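Asks: Please find one structure pasted underneath; my questions will follow.
In C-alpha coordinates:
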(Lines of atoms letter the chains of each structure in order from A and count residues from 1; the text may use other names and numbers.)
(Lines give C-alpha, C1' and ligand atoms only; values in the text may rest on other atoms or scores of the structure.)
Protein backbone atom coordinates (compact mmCIF):
# COMPACT_ATOMS: atom_id res chain seq x y z
CA UNK A 1 0.00 0.00 0.00
CA UNK A 2 1.37 3.40 -0.97
CA UNK A 3 0.93 6.30 1.38
CA UNK A 4 0.97 9.85 0.15
CA UNK A 5 3.37 12.34 1.70
CA UNK A 6 1.82 15.32 3.45
CA UNK A 7 1.66 18.55 1.43
CA UNK A 8 4.01 20.16 3.93
CA UNK A 9 6.52 18.53 6.26
CA UNK A 10 8.82 20.16 8.78
CA UNK A 11 11.98 19.22 10.66
CA UNK A 12 13.30 20.91 13.79
CA UNK A 13 16.95 21.14 14.82
CA UNK A 14 18.22 22.01 18.26
CA UNK A 15 21.67 23.03 19.40
CA UNK A 16 23.47 20.84 21.94
CA UNK A 17 22.26 21.70 25.43
CA UNK A 18 19.19 23.59 24.17
CA UNK A 19 15.72 22.11 24.47
CA UNK A 20 13.91 24.42 22.04
CA UNK A 21 13.87 24.35 18.27
CA UNK A 22 16.58 26.62 16.88
CA UNK A 23 16.17 25.98 13.13
CA UNK A 24 13.44 24.45 11.01
CA UNK A 25 13.39 23.11 7.48
CA UNK A 26 10.00 23.10 5.79
CA UNK A 27 9.28 20.97 2.73
CA UNK A 28 6.41 21.26 0.23
CA UNK A 29 5.14 18.50 -2.08
CA UNK A 30 2.85 18.43 -5.11
CA UNK A 31 -0.08 15.97 -5.42
CA UNK A 32 2.29 13.39 -6.97
CA UNK A 33 4.58 13.51 -3.93
CA UNK A 34 7.42 15.35 -5.70
CA UNK A 35 9.41 18.00 -3.84
CA UNK A 36 8.34 21.48 -4.88
CA UNK A 37 9.80 23.63 -2.11
CA UNK A 38 12.25 23.67 0.78
CA UNK A 39 12.92 26.50 3.18
CA UNK A 40 15.41 26.71 6.02
CA UNK A 41 14.40 29.20 8.72
CA UNK A 42 16.05 32.54 8.10
CA UNK A 43 16.59 32.00 4.37
CA UNK A 44 14.57 32.22 1.18
CA UNK A 45 12.64 29.31 -0.28
CA UNK A 46 14.10 26.93 -2.82
CA UNK A 47 11.55 25.73 -5.40
CA UNK A 48 11.31 23.19 -8.20
CA UNK A 49 8.89 22.89 -11.12
CA UNK A 50 8.32 19.80 -13.25
CA UNK A 51 7.43 19.37 -16.93
CA UNK A 52 4.57 17.20 -18.21
CA UNK A 53 6.60 13.98 -17.94
CA UNK A 54 8.05 14.66 -14.49
CA UNK A 55 11.47 16.15 -15.24
CA UNK A 56 12.63 19.21 -13.31
CA UNK A 57 12.45 22.13 -15.75
CA UNK A 58 12.85 25.06 -13.36
CA UNK A 59 14.75 25.54 -10.11
CA UNK A 60 14.93 28.74 -8.07
CA UNK A 61 16.62 29.74 -4.83
CA UNK A 62 18.37 32.72 -3.24
CA UNK A 63 21.10 32.15 -5.85
CA UNK A 64 18.71 32.80 -8.75
CA UNK A 65 16.31 31.01 -11.07
CA UNK A 66 17.43 28.41 -13.57
CA UNK A 67 15.61 26.93 -16.54
CA UNK A 68 16.63 23.39 -17.45
CA UNK A 69 16.61 21.93 -20.96
CA UNK A 70 15.06 18.56 -21.78
CA UNK A 71 18.55 17.09 -21.21
CA UNK A 72 18.73 18.51 -17.68
CA UNK A 73 21.25 21.22 -18.57
CA UNK A 74 20.91 24.85 -17.55
CA UNK A 75 19.39 26.79 -20.41
CA UNK A 76 19.26 30.18 -18.69
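In this note's numbering, the protein residues as written are 1 to 76.
The C-beta atom is built at its ideal place from N, Cα and C for all residues, glycine as well.
These numbers come from a predicted model, not from an experiment.
#1: Using C-beta distances below 6 angstroms, list every residue in its chain close to residue 2, excluding the 5 sequence neighbours before and after it, in chain order.
#2: Apart from the five residues just before and just after residue 44, which ones in its own chain have a Cβ nearer than 8 angstroms to its Cβ?
#3: Report, in whole angstroms, the separation of the C-beta atoms of residue 50 and residue 38, which I expect to be a contact under 8 angstroms.
#4: In the DSSP assignment, find the beta strand (DSSP E) that holds residue 61 and state where it starts and stops.
#5: Select from 59, 57, 36 and 69 the residue whose C-alpha is nearest the C-alpha of residue 27.
Replies: This is what the structure holds:
#1: Here residue 2 is taken as the residue at index 2 of the chain shown, counted from 1. Annotation note: pLDDT 47 at residue 2 (below 50); position unreliable, no value reported.
#2: For this step, residue 44 is matched to residue 44 along the chain shown. The beta carbon of residue 44 sits closer than 8 angstroms to those of 61 and 62, all from its chain and outside the five residues before and after it, given in chain order.
#3: For this step, residue 50 is matched to residue 50 along the chain shown. For this step, residue 38 is matched to residue 38 along the chain shown. The C-beta separation of residue 50 from residue 38 comes to about 15 angstroms, leaving the pair out of contact by the 8 angstroms criterion.
#4: Start at 1 with the first residue of the chain shown, and residue 61 comes out as number 61. Taken as a continuous stretch (DSSP letters only), the beta strand (DSSP E) holding residue 61 covers 56 to 61.
#5: As a position in the chain shown, residue 27 is number 27, starting the count at 1. Per the Cα distances, 36.
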